[in-house]
Amino acid sequence: MRINGPNQSNFNPYTKQVNKPAEVKNQIKPQDKVEISSQAKQMQSAEKTDPVRQKMIEELKIKVESGNYQADPKETAKNMLNFWSNKN
Numbered sequence: 001m002r003i004n005g006p007n008q009s010n011f012n013p014y015t016k017q018v019n020k021p022a023e024v025k026n027q028i029k030p031q032d033k034v035e036i037s038s039q040a041k042q043m044q045s046a047e048k049t050d051p052v053r054q055k056m057i058e059e060l061k062i063k064v065e066s067g068n069y070q071a072d073p074k075e076t077a078k079n080m081l082n083f084w085s086n087k088n
């Protein structure tokens with residue numbers, strides 16, 4: 001026995017799914033956009049070292065690689081204490 005209600009239409013849910021890919025292809029894809037904040041720009045410029053400091057770093061690298069660099073433990077400890085005590 002088959003029961004048909006009032007206003008019965010021929011309903012096929014799969015026809016909508018078949019037609020959707022064609023609609024998606026016609027849509028324009030939005031372009032990606034990247035904005036760099038002023039804080040990020042400041043951080044990037046802060047990473048650049050001045051030539052004098054860069055020269056000092058290169059000299060230290062050469063001394064460390066050659067084995068001629070001798071660190072002063074007392075001076076290192078003093079600087080560490082100063083750094084951490086000023087953080088509070």
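Residue numbers (the UniProt record's numbering): 1 to 88.
Heads up, the beta-carbon is just placed ideally off N, CA and C, and yes, glycines get one too.
Inter-residue spacing [alpha-carbon to alpha-carbon] between S37 and M43:
On the sequence shown, residue 37 is found 37 positions in, with the first residue counted as 1. On the sequence shown, residue 43 is found 43 positions in, with the first residue counted as 1. Looking at the backbone, the Cα of S37 and that of M43 are separated by about 10 Å.
Endpoints, the alpha helix (DSSP H) within which K55 is located
Within the sequence shown, numbered from 1, the residue matching residue 55 stands at position 55. Taken as a continuous stretch (DSSP letters only), the alpha helix (DSSP H) holding K55 covers 51-66.
Suppose you measure from the CA of G67 to the CA of R53; what does that come to, to the nearest Å?
Here the question's residue 67 lines up with position 67 in the sequence shown. Here the question's residue 53 lines up with position 53 in the sequence shown. Between the alpha carbons of G67 and R53 lies a gap of roughly 21 Å.
For I62 and K48, the rounded distance between their alpha carbons:
In the sequence shown, the residue the question calls residue 48 occupies position 48. In the sequence shown, the residue the question calls residue 62 occupies position 62. In this model, K48 and I62 are separated by some 21 Å (Cα to Cα).
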